[in-house]
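Positions 17 to 221 (our numbering) are the ones given, in order, by the sequence shown.
Even for Gly, the Cβ is constructed at its ideal location relative to N, Cα and C.
On a predicted model such as this, the values are computed, not experimentally measured, just so you know.
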Amino acid sequence: MSELFKKKYDRTPSDKRDRVPPGQYVAEKFPVLHYGDVPTYHDVENEWDLRVWGEIEAPARFSFAEFRALPTMTITTDIHCVNRWSKLDTRWEGVQFREFLQHIPPLKPSARYVMAHCEHGFTTNVPLDVLLEDDALLAYKYEGEELTPEHGYPLRLLTPRKYFWKSAKWLRGIEFMAEDRPGFWERYGYNNNADPWKEERYAEE
Ligand SMILES: Nc1nc2c(c(=O)[nH]1)N[C@H]1C(S)=C(S)[C@@H](COP(=O)(O)O)O[C@H]1N2
Ligand SMILES: [Mo]
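See the structure below:
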């Protein structure tokens, strides 16, 4: 990052510098980034559901009301976008992914990866291990408020250990997979592992 760029954009308090991965600056605002249109729901109970399939003993489906009845937790975490902004201390509420597994049929031992399927065909792949960490959430509140449509209402994945493109907005499906498969951006040159601390932004040439 150039010194000029740093001066202009880097508002990182010095005591928080070590929380900002290489090549990132701290953003105050919450940018909106995605491919395609923002979905709108007039009747979310009838127009939205969450489906689960793949390497699982039986597929499952949650209506909006069923999903909202699951136990939630709140976490405060830092998020890092591949476009170089990071946001510190963001607060999210939702169903911890690990908790969610208690409410669906058992996974097959072969389940090792997850594909998140979203409205309008966006997908992203995440290793199951990463989703079993404390900070992986199926999130629907941000800073105490319902997610706005732009940020993923009614449900998004939150996987803060990875660049933010893996935090899929407008989530509709969770597919458990035996083998890894690239999602939308992963097919278009983004790094499959996407670890901000290793600066894994783009795939190797
Ligand atoms: N469904 C869907 N989810 C998505 C995307 C998208 O295009 N479609 N873009 C990703 C990218 S590239 C980023 S950086 C984050 C941005 O989330 P935000 O708009 O809430 O900041 O959403 C991710 N989730
Ligand atoms: Mo992004």
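Query                                                                                                   : Result
Three-state secondary structure assigned by DSSP to Leu117                                              : helix
CA-to-CA distance, Ile190 to Pro75, given in whole angstroms                                            : 10 Å
Cβ-Cβ separation, Arg172 to Ala184 (assumed contact under 8 Å), whole Å                                 : 6 Å
Member of Lys178, His167, Pro122 and Arg203 whose CA lies at the smallest distance from the CA of Pro47 : His167
Three-state class that DSSP yields for Trp69 in the structure shown                                     : strand
Pairwise C-alpha distance: His136 and Phe83                                                             : 21 Å
Sub-7 Å separation of Phe113 and Leu147 beta-carbons                                                    : yes
DSSP bridge partner residues for Asp157 (one or two, in chain order)                                    : In the sequence as displayed, the identity of residue 157 is Lys instead of Asp. DSSP lists Glu109 and Glu162 as partners of Lys157.
Whether Ile95 touches Phe192 by CB criterion (7 Å)                                                      : no
Where the beta strand (DSSP E) through Ala152 begins and ends                                           : Careful: Ala152 lies outside any beta strand (DSSP E) and carries neither H nor E.
Neighbour-count burial assignment, Thr92, 16 or more Cβ in a 10 Å radius                                : exposed
Check: Phe113 C-beta below 6 Å from any heavy atom of ligand 1                                          : no
Reference Trp213; option with closest CA among Arg203, Arg177, Ala219 and Gly205                        : Arg177
Among Ala127, Val98 and Pro165, the one whose alpha carbon lies nearest that of Gln40                   : Val98
Contact check, Arg140 vs Lys103, beta carbons under 7 Å                                                 : Just to set this straight, residue 140 is Thr in the shown sequence, not Arg. Contact flag unset, no.
Given Val222 as reference, the closest of Val42, Gln118 and Trp69 once Cα atoms are compared            : The question about residue 222 has no answer here: the residues shown for the chain are numbered 17 through 221.
Test item, CB below 6 Å from any non-hydrogen atom of ligand 2                                          : Leu49, Cys97, Val98, Asn99, Phe180 and Trp181
Trp101 beta carbon near ligand 1 (any heavy atom closer than 6 Å)                                       : no
Rounded distance between the beta-carbons of Arg188 and Arg67, thought under 8 Å                        : 7 Å
heavy atom of ligand 1 below 6 Å from Pro170 C-beta                                                     : no
Ala184 Cβ short of 6 Å to ligand 1 heavy atom set                                                       : yes
Pro55 Cβ short of 6 Å to ligand 1 heavy atom set                                                        : no
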